[in-house]
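First the structure, in the form of structure tokens, and then the observations on it.
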């Protein structure tokens with residue numbers, strides 16, 4: 002069966018001397034893996050279309066087992082991501098997270114839209130660290146993790162001072178701080194940011210300027226959730242953290258998070 006699918010290359014690995022195994026996240030069919038024969042040859046018509054982060058329309062023959070990528074038309078190369086080491090690192094983290102948390106051949110259009118928007122925002126020069134935070138918080142649900150963020154996880158209060166509790170997997174109001182001695186206290190601005198990251202689609206968020214310390218704390222919280230609750234630590238995280246420890250060698254992002262319509 003021949004399928005024409007719009008998708009994004011999220012992973013490639015060599016197979017034999019000339020071939021690649023390519024993982025796509027597609028709009029119509031979710032995550033699929035296919036063989037791209039001869040794609041490692043520079044002159045191959047599949048060489049460009051199988052580059053990481055490429056957005057295109059792919060012609061895939063699907064029989065039993067793994068499909069075969071027969072042709073493709075590039076819609077966007079997102080070259081800026083591959084040409085900038087920080088953009089590459091964050092985009093790789095995002096695509097690995099999506100790859101790790103999704104199943105084969107399971108249509109998930111909302112995840113495709115999120116991935117598309119996130120990679121395009123990074124390619125357009127928006128803060129890749131902030132965009133990655135959006136993806137991390139939104140993918141918690143896909144990992145089967147649903148933190149209580151709209152109210153106190155213990156008493157249901159919606160007003161007051163809040164802190165994050167890993168024990169309760171969510172917010173605790175000031176009346177309930179005593180039930181977890183390891184809470185992380187949050188300012189009202191950070192509470193709002195976490196709710197924005199978790200509940201609001203990327204394209205609906207106005208321009209945000211995030212302080213470095215805010216991003217660091219929110220990253221610490223969400224990655225601890227993944228590690229402690231789901232046992233997930235991504236391979237690309239080590240390289241990303243190495244780059245984050247040497248920010249003086251890399252330029253600041255040109256833009257804040259993109260403004261929605």
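Residue numbers (my numbering): 2 to 262.
Ideal Cβ positions, reconstructed from N, Cα and C, are used throughout, including at glycine.
From a predicted model like this one, the values you see are computed outputs, not experimental measurements.
CA nearest to the CA of residue i, picked from the options
i           : options              : result
residue 60  : 88, 29, 44 and 90    : 29
residue 181 : 153, 8 and 213       : 153
residue 55  : 244, 133 and 11      : 11
residue 230 : 246, 169 and 200     : 169
residue 70  : 145, 76 and 62       : 62
residue 17  : 36, 48, 83 and 31    : 36
residue 137 : 101, 44 and 240      : 101
residue 163 : 94, 141 and 187      : 187
residue 76  : 216, 121, 213 and 32 : 121
Sheet register partners of residue i (DSSP bridge)
i           : result
residue 32  : 26 and 105
residue 21  : 15 and 37
residue 157 : None; residue 157 has no bridge partner.
residue 10  : 25
residue 174 : 163
residue 96  : DSSP lists no partner for residue 96.
residue 149 : 171
Cβ-based burial, residue i [other Cβ within 10 Å; buried from 16]
i           : result
residue 5   : exposed
residue 177 : buried
residue 183 : exposed
residue 133 : buried
residue 19  : exposed
residue 15  : exposed
residue 115 : buried
residue 262 : Bear in mind that the predicted position of residue 262 carries a pLDDT of just 37, short of 50, making it unreliable; the figure below should be weighed with that in mind. Label assigned to residue 262: exposed.
Enclosing alpha helix (DSSP H) for residue i [first to last residue]
i           : result
residue 114 : 110-124
residue 222 : 213-231
residue 167 : Element bounds for residue 167: n/a, residue is neither H nor E.
residue 244 : 237-245
residue 179 : Careful: residue 179 lies outside any alpha helix (DSSP H) and carries neither H nor E.
residue 81  : 80-84
Proximity test, residue i beta-carbon vs the ligand ATP heavy atom, cut-off 7 Å
i           : result
residue 180 : Absence of the ligand ATP from the depicted structure is noted, as is the absence of any ligand whatsoever, leaving it without description.
Beta-carbon separation (whole angstroms), residue i vs residue j, contact threshold 8 Å
i           : j           : result
residue 97  : residue 235 : 5 Å
residue 244 : residue 87  : 6 Å
residue 34  : residue 105 : 7 Å
Beta strand (DSSP E) segment containing residue i, residue limits
i           : result
residue 56  : 56-62
residue 185 : 185-187
residue 69  : 68-77
residue 131 : That residue, residue 131, is in no beta strand (DSSP E); its alpha helix (DSSP H) goes 129-139.
Any C-beta of chain B under 8 Å from that of residue i
i          : result
residue 44 : Within the model displayed, chain B is absent; a lone protein chain is all it includes.
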